[in-house]
Ligand code: URA
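In the working numbering, the protein residues as written are 30 to 264.
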């Protein structure tokens, strides 16, 4: 791969022109030697490239676990509100990142930010049946028949039928976990409305076989290890 292409693919803030200028200034090294020609070919898997003293670790794609706070929108840009991408620290920023799936502005929890479109598609496709688990607090006690109605596939407003979902009672009768296998618009809120209840707090706590890290504060990000990425797709 060309050196300038390599660097600008790994560092969101650097254009190829920036890389050219840095090369001219001797700020780019390959295996410890300053390289002044930005079109030099490198082996991205074995060469060590540093920019202004920072060594770049090549990753074809990145996978970031974000604990989304309320008030932030799942979009790449928004005229008014802060977006999930603005929460990504500079060392993880790169071109092409997007949130794989949406949580409502007032929902907290696990959002995957990646530049791997194929994985995102597999994770989100209803055909993949990847479970998404939500912690839910309701205005009224969760009635005993709610779990049964959700497990049958409840019909929500507008006549849409949901796939069967599992409800696990929480530590009090206003709280529960709900496991969905699809992602309709406002689905959790609409399911509880369909049984005469109202969601007052919602947090996504798990995608596939990966739980939101309990150590991750609201607004915090964690680069996922390669071995965990496939678990995002497990049923
Ligand atoms: N269901 C909802 O109602 N809102 C979300 O943000 C996610 C699932």
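Every residue gets a Cβ at the ideal spot worked out from N, C-alpha and C, and that includes glycine.
Residue closest to residue i, alpha-carbon to alpha-carbon, out of the options
i           : options               : result
residue 161 : 58, 263, 31 and 52    : 263
residue 82  : 102, 61 and 76        : 61
residue 126 : 41, 175 and 36        : 41
residue 179 : 222, 257 and 113      : 222
residue 198 : 218, 111 and 174      : 174
residue 143 : 168, 44, 171 and 114  : 114
residue 201 : 165, 217 and 227      : 165
residue 207 : 258, 30, 177 and 157  : 177
residue 224 : 172, 253, 238 and 259 : 172
residue 237 : 35, 45, 148 and 44    : 148
residue 159 : 37, 39 and 259        : 259
residue 170 : 227, 151 and 188      : 227
residue 86  : 30, 36, 109 and 188   : 36
residue 150 : 261, 34, 38 and 30    : 261
Proximal residues to residue i (C-beta, below 8 Å), its chain only, five neighbours per side dropped
i           : result
residue 155 : 192, 210, 211 and 212
residue 32  : 48, 52, 57, 59, 64, 66, 67, 68, 69, 70, 71 and 78
residue 215 : 133
residue 254 : none
residue 43  : 36, 37, 51 and 80
residue 84  : 77 and 78
heavy atom of the ligand COA below 8 Å from residue i C-beta
i           : result
residue 115 : Summarising the ligand content, the structure contains the ligand URA and does not contain the ligand COA.
Cβ neighbours of residue i in the same chain (closer than 7 Å, five flanking residues each side left out)
i           : result
residue 153 : 129, 130 and 212
residue 116 : 95, 101, 248 and 250
residue 76  : 59 and 60
residue 196 : 175, 176, 179, 205 and 207
residue 46  : none
residue 74  : 87
residue 157 : 151 and 262
residue 257 : 239
Presumed contact (8 Å Cβ cut-off) between residue i and residue j, rounded CB distance
i           : j           : result
residue 140 : residue 167 : The pair is not a contact, with the Cβ atoms about 23 Å apart (cut-off 8 Å).
residue 29  : residue 186 : Nothing about residue 29 can be read from this structure; the chain reaches only from 30 to 264.
residue 80  : residue 163 : So it is not a contact: roughly 41 Å between Cβ atoms.
Same chain, Cβ closer than 6 Å to residue i, five either side skipped, listed in chain order
i           : result
residue 111 : 101
residue 181 : none
residue 145 : 90
Any heavy atom of the ligand URA nearer than 6 Å to the CB - residues listed: 132, 133, 136, 215, 216, 217, 218 and 231
Cβ contact (3+ pairs, closer than 8 Å) linking the region 90 to 108 and the region 120 to 137: yes
Contact the region 98 to 108 vs the region 45 to 59: 3+ CB pairs below 8 Å: no
Three or more C-beta pairs below 8 Å linking the region 227 to 241 and the region 129 to 144: yes
Contact the region 236 to 245 vs the region 192 to 206: 3+ CB pairs below 8 Å: no
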